[in-house]
Every structure is written in structure tokens, then in C-alpha cells.
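In this note's numbering, the protein residues as written are 14 to 178. From the three backbone atoms N, C-alpha and C, an ideal C-beta is built for every residue, glycine too. To keep things clear, I will list the structure first and then write my remarks on it.
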Amino acid sequence: MSDFRLGQPVDAAYCTISTFRHLLTEEAARGHLECLAGSLREGGIYVLGLHLLPLGVDKEDPECWTERRGKTSVTVTLRVLRVDASRQIEDLRVCMLVRRGSKEFHLRHEFQFRTYTARQFQRLLDSVPSLELCDVYDFRYDIQQPLALNDEMAYTIAVLRRRPH
14 MSDFRLGQPV DAAYCTISTF RHLLTEEAAR GHLECLAGSL REGGIYVLGL HLLPLGVDKE
74 DPECWTERRG KTSVTVTLRV LRVDASRQIE DLRVCMLVRR GSKEFHLRHE FQFRTYTARQ
134 FQRLLDSVPS LELCDVYDFR YDIQQPLALN DEMAYTIAVL RRRPH
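What follows is the structure in C-alpha cells.
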């Protein structure tokens, strides 16, 4: 994600659902943004969706959701195990329970994400001068309601544009 070039420049690209946070170092994150900027035409748009680390939120509450299709149900639980603010690293565990009739399948995986407060994310964006932050949205995706990057929003959609040379 942080060392690539596309064969030809594109008008738009996107990376959502916090995939960007798998880049665990500042260098890897900046490298990704620089590669993306190099892959966009001038004026091209990059839509980047990620969870910021909101200040004052209780990270003890797990996220849990269930989906059903026919006789199969899948429940996913995502829990934050630890947050190391000084390293900007979050340890997470995802558990999946699949049920169909009397059969069950359990899956558990632990992984890390890089954390960003609004200020840390803005500082990262500022370190890539070829991209400019145009607009910010939250999980409602209301194009009529752009927001300022802040520490109150959790899921953030950043619309970036490739600046002219």
C-alpha cells in the first residue's frame, strides 16, 4: 500500500473502512499518500475513510453486529484490547460466530491499527504537499453537510485532491 505506481494516472481512487489504518508507521502512511498522489491526474480525487481516535470515548465498548441470510447468521464482535497513544497503535480482536441450524463456526483474530487524532491526521496530510484536503464528512455521508476535521467525529471521510504541479 505504500510503494506502488499505477500504469497511467487516474481521475479518482478510494480507500474506505479504515483499511488505511493497517499502515502502522508514519512513513508507511505518508508513502501511501505520496504514491496515491503520484497516481492521480492533477485535480484527481482520493476518498479516504478511516476511524479517528475520538477524545474522551470509552474504548471498552465493543462493536457488535449480526447479519442473517436464510438460515445462516453471522455475528461479528470487534473489541479494542489496548491503545498505546505514544506509539499511535491500537490492538484489536475480532471474533466471528457463524450459525446455521445446530452448527457453529468460530473465528478469532488479533491485529493492530495505527491511531490518529484529528490533529495527528491533519499533520500527516500536511506532510504530503501534493494533496489538499477539500472536505470532510462523517458516517452520514451527507454531501450537503461538510464538516471540519475534529476530535468529536469517529468515522471520517476525507476528500483529498491532487494539486497542480
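Span of the alpha helix (DSSP H) holding residue i?
i       : result
Arg-132 : 131-139
Mind reading off the beta-carbon distance from residue i to residue j? Whole number of angstroms is fine, and I expect it under 8 Å.
i       : j       : result
Val-180 : Ala-171 : This structure gives no information on residue 180, because the portion of the chain shown stretches from 14 to 178.
Leu-91  : Gln-135 : Contact flag wrong, Cβ pair sits at about 26 Å.
List the DSSP bridge partners of residue i.
i       : result
Ala-171 : Leu-61 and Val-149
Leu-160 : Val-149
Suppose you measure from the CA of residue i to the CA of residue j; what does that come to, to the nearest Å?
i       : j       : result
Phe-124 : Gln-157 : 36 Å
Ile-58  : His-119 : 40 Å
Cys-108 : Leu-144 : 37 Å
Leu-94  : Ile-102 : 11 Å
Arg-106 : Ser-86  : 20 Å
Leu-66  : Arg-54  : 31 Å
Arg-174 : Ser-99  : 30 Å
Phe-126 : Asp-74  : 17 Å
Ala-26  : Gly-114 : 41 Å
Arg-132 : Arg-43  : 15 Å
Leu-19  : Asp-151 : 29 Å
Val-141 : Glu-47  : 6 Å
task: For the stretch 20-84, list the beta strand (DSSP E) runs that are entirely contained and at least 3 residues long, ordered along the chain.
output: 23-28, 53-64 and 76-82
query: At what residue ranges does the stretch 87-156 contain a whole run of the alpha helix (DSSP H), taking only runs of 4 or more?
result: Complete alpha helix (DSSP H) runs here, min 4: 131-139.
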